[in-house]
Structures are given as structure tokens and as C-alpha cells.
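Participant: Read in order, the letters of the sequence shown are residues -24 to -1, 1 to 264 in mature numbering (1 follows the signal peptide of the UniProt record, and there is no 0).
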Amino acid sequence: MNTVMKYAAAGAFALGAMTTAAFAGSVTQPGERVGLAAGAPLPEGVYFVNTLDWGVRRVRDGNGGRGDVTVAVDIPVIAWSTPWQVLGGRVQVLVATPLIHVATDNNLGGDTEYGFYNPFAAVQLAWDLGGGFGFSYYAGFYFNAGSNDLAFQSTSFNHAAAVSYTADGWNLTANLINGIHIDEDRGYRYPDFFNLDLTATKTFGKWELGLAAYGSWDYNSPRGVAKQSQFALGPLVGYNFGPVILQAYLTRDVYQKNYGGKDTRFWSRIIVPLWSPEKPLAPLVTKY
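1. Does the Cβ-Cβ distance between L70 and A102 come in under 9 Å?
2. Hey, F79 and T46 are a contact pair by Cβ (cut 8 Å); roughly how many whole angstroms apart?
3. Going straight from the alpha carbon of Y114 to that of G43, what length do you get?
4. Rounded to whole angstroms, how far is the Cβ of N216 from the Cβ of K178, which I believe are closer than 8 Å?
5. Using DSSP with H/G/I as helix, E/B as strand and the rest coil, what is residue 277?
6. Using the three-state DSSP reduction, which class does A202 fall into: helix, strand or coil?
7. What number of angstroms, rounded off, separates the C-alpha of S252 from the C-alpha of V22?
8. Check whether the stretch 226 to 239 touches the stretch 201 to 211, counting contact only when three or more Cβ pairs, one atom from each stretch, lie closer than 8 Å.
9. Out of G108, Y231 and T240, which has the shortest C-alpha to C-alpha gap to A14?
10. Please identify the residue among S112, V25 and T88 whose C-alpha is closest to the C-alpha of G64.
11. Determine the direct distance from the alpha carbon of Q100 to that of A153, and round the result to whole angstroms.
12. Applying the criterion that 16 or more other CB atoms from any shown protein chain within 10 Å of the CB defines a buried residue, is G236 buried or exposed?
13. Going by DSSP, what residue range makes up the beta strand (DSSP E) through G107?
14. Who are the Cβ neighbours of E184 in its own chain at under 6 Å, not counting the five residues just before and after it?
15. What does E184 pair with, by DSSP beta-bridge criteria?
16. Might you give, ordered along the chain, the residues of its own chain that have their beta carbon closer than 6 Å to the beta carbon of S244, omitting 5 neighbours on each side?
17. Where do the N-terminal and C-terminal ends of the beta strand (DSSP E) with A136 fall, by residue?
18. Please report how far the alpha carbon of V53 lies from the alpha carbon of I246, in whole angstroms.
19. Taking residue 352 as the reference, give the member of Y164, V139 and T149 with the closest Cα.
20. Between P17 and D87, what straight-line distance do the alpha-carbon atoms span, to the nearest angstrom?
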């Protein structure tokens, strides 16, 4: 269950959907995979992982006024850890259909938008390297779908590599995520991006305590606006009810560039094993 609690869910987030002049490239929400041992393979089975977060960023508009942008994101994920292996790594399939709610206060126009956006699908390989170490890599796509007011009107390629140490109740994980937009929105491309999600926690019985941190950086600025970047951190707590697992973490930007203000965000997560067969792992491809 410790492995399940630390699993790397996948999802999506369009920072450019905020009604500010932001066009940050991170379709993958920065911080959404904090608290999960992204490098550790799951036991065979099907899992439901839902990450819900809510946050406020106080920004300055083009006329010098200030107001709050509130963003809530729900990322429901179905993860299938298959009975197959490729080159010793477990084959895992991830699908997500995220939702978003964006609102600005009256100082910024008082707009509200919500709906589905940019569904996600990926295939992952995860290796147990022994000694508590694990490594994984996945590749997939966010698809151009959802509300025109919320979603990036672009399909993007997304891939990630993660390394985890999970021995003795620890979860020390670095998850590196790269996204590349592969089509255009009305003649414009969105910025490509790099995210880094970091976790350092320790379990004490059924409790998990530690630190959450994440950052995001635009690679380029094809729309002619300034590249954006941020880094946030805060405490994380989790509890294993067996089999249902809950996590929560609170983060605050300690650095931001070209967002107009710092973001404060509360995160919650529930992990529910839906199905787990009682049979041994069956290699799909055997490495000789």
C-alpha cells in the first residue's frame, strides 16, 4: 500500500486559461504529481487516483490594478498496472479527464469559466531496481478538446522520467516532465515546458509526513510574451485507511517570474484500488 500511496498520477492544467495575459506552457499542472513515488511500479491492478486542488494568485492587470485569480482543478485518473513486462519494466496505462474552474474578482472583470479540457492518455514502463530504488518513463498526449475558454487549443506530446527511493518508509522522488505542443491555435504555438515535482516524506505507522515542492519553466515564448517560471513548496500529510489512502499538501510560491503574483494552493488526493488479481506477473517481452 505504500507503493500505491506514492503512485504517479497523470493529469492536465492550462495556466494560460487564466484571464490574465499569461500563456504559460505547462499543460501538465505543476505540482500534480507531488507526493507520489513516480518511479515505483504499481502492483498489478486497476486504481483510481483523484487529485483536487484550489488556489489563489493575486495579480496585477495591464492598468496597474490588482485582483485575485482563483483556480480549482480536479484530475481524475484511471491507472491500469498490467500483468505484462517489457525489458523488465511493468507496463502501465494512464488516462485522465481533468476539469477546471477559473474565476477572477471584480477588479479583474469578475469572469467565471469551468468545464472539461485536454484529456490525457499515456503508456508507462516502471522498473524495480532493488534496494528501494525505482525508475519509470512514460510517453503520451494531451488532446485538443474541451472548452474553448479553458483548454489549450493544441495537442501536445508529454513525457516524463522519475526516480524514487521508497525503502524504510521513505518517499524521495524527483519527477521530470517535458511537454511539446505539436499543433497551432489560430496560427500561434504555445510555449514548450519543463516541470519538476519533488517529494520528501516519511511514513510513521499509517501517517505520512514531509515536504512537497515543484517548479515549472517555459522553454520559449512563441507568442512574443515573456517566458514564465515558478517554484513552490510546503508541507504534506497523508493517512493510509487501508485500502483507501488520503493525502493533502499546502504550497506557496517562493519564486515566480512573469505571472504577476505568487500562488497559494491547497491540494487533496484520494487513492482507491479498484481491482487486484491474485496471479504472478507475466512477462510480455523477456530480456535474455
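Beta carbons: idealized from backbone N, C-alpha and C, even for Gly.
Facilitator: On the basis of the data shown:
1. Against the sequence shown, residue 70 aligns to sequence position 94. Against the sequence shown, residue 102 aligns to sequence position 126. Taking 9 Å as the Cβ cut-off, L70 and A102 do not qualify as a contacting pair.
2. As a working note, residue 79 is residue 103 in the sequence shown. As a working note, residue 46 is residue 70 in the sequence shown. Sequence check: residue 79 is Ala here, not Phe. Sure, about 5 Å apart at Cβ, within 8 Å.
3. In the sequence shown, counting from the first residue as 1, residue 114 sits at position 138. In the sequence shown, counting from the first residue as 1, residue 43 sits at position 67. Cα to Cα, the separation comes out at about 38 Å.
4. The residue you call residue 216 lines up with position 240 of the sequence shown. The residue you call residue 178 lines up with position 202 of the sequence shown. With a Cβ gap of about 13 Å, N216 and K178 do not count as contacting.
5. Residue numbering for the chain in the displayed model covers -24 to 264; residue 277 lies beyond these limits and cannot be assessed.
6. Within the sequence shown, numbered from 1, the residue matching residue 202 stands at position 226. It is coil, neither helix nor strand.
7. On the sequence shown, position 276 is the one that residue 252 refers to. On the sequence shown, position 46 is the one that residue 22 refers to. Roughly 7 Å separates the two Cα atoms.
8. In this structure the stretch 226 to 239 touches the stretch 201 to 211; the number of beta carbon pairs closer than 8 Å is three or more.
9. For the purposes of this step, residue 14 is taken as residue 38 along the sequence shown, with counting starting at 1. Answer by Cα proximity: G108.
10. If you number the sequence shown from 1, residue 64 lands on position 88. If we check each option's Cα against that of G64, S112 comes out closest.
11. Here residue 153 refers to the residue found at position 177 when the sequence shown is read from its first residue. Here residue 100 refers to the residue found at position 124 when the sequence shown is read from its first residue. The amino acid occupying residue 153 in the given sequence is Ile; Ala does not appear at that position. A direct Cα-to-Cα measurement between I153 and Q100 gives close to 13 Å.
12. For this step, residue 236 is matched to residue 260 along the sequence shown. G236 is buried by the Cβ-count criterion.
13. Locating residue 107 in the sequence shown gives position 131, counting from the first residue. Membership of G107 in any beta strand (DSSP E) is not indicated, and neither H nor E is assigned to it by DSSP.
14. Mapped onto the sequence shown, residue 184 falls at position 208. Excluding residues within five positions, the ones whose Cβ falls inside 6 Å are T177 and G214.
15. Taking the sequence shown and counting its residues from 1, the one referred to as residue 184 is at position 208. Within the DSSP bridge table, the entry for E184 names T179 and G214 as partners.
16. Locating residue 244 in the sequence shown gives position 268, counting from the first residue. Residues of the same chain with a CB within less than 6 Å of the CB of S244, apart from the 5 flanking positions on each side, are L28 and A224 in chain order.
17. Here residue 136 is taken as the residue at index 160 of the sequence shown, counted from 1. A136: member of the beta strand (DSSP E) spanning S132 to Y141, first to last residue.
18. As a first step, residue 53 is located in the sequence shown; it is residue number 77 there, counting from the start. As a first step, residue 246 is located in the sequence shown; it is residue number 270 there, counting from the start. Cα to Cα, the separation comes out at about 11 Å.
19. This structure cannot speak to residue 352, because the chain is shown only from -24 to 264.
20. Reading the sequence shown from its first residue, position 41 is the one you call residue 17. Reading the sequence shown from its first residue, position 111 is the one you call residue 87. Between the alpha carbons of P17 and D87 lies a gap of roughly 42 Å.
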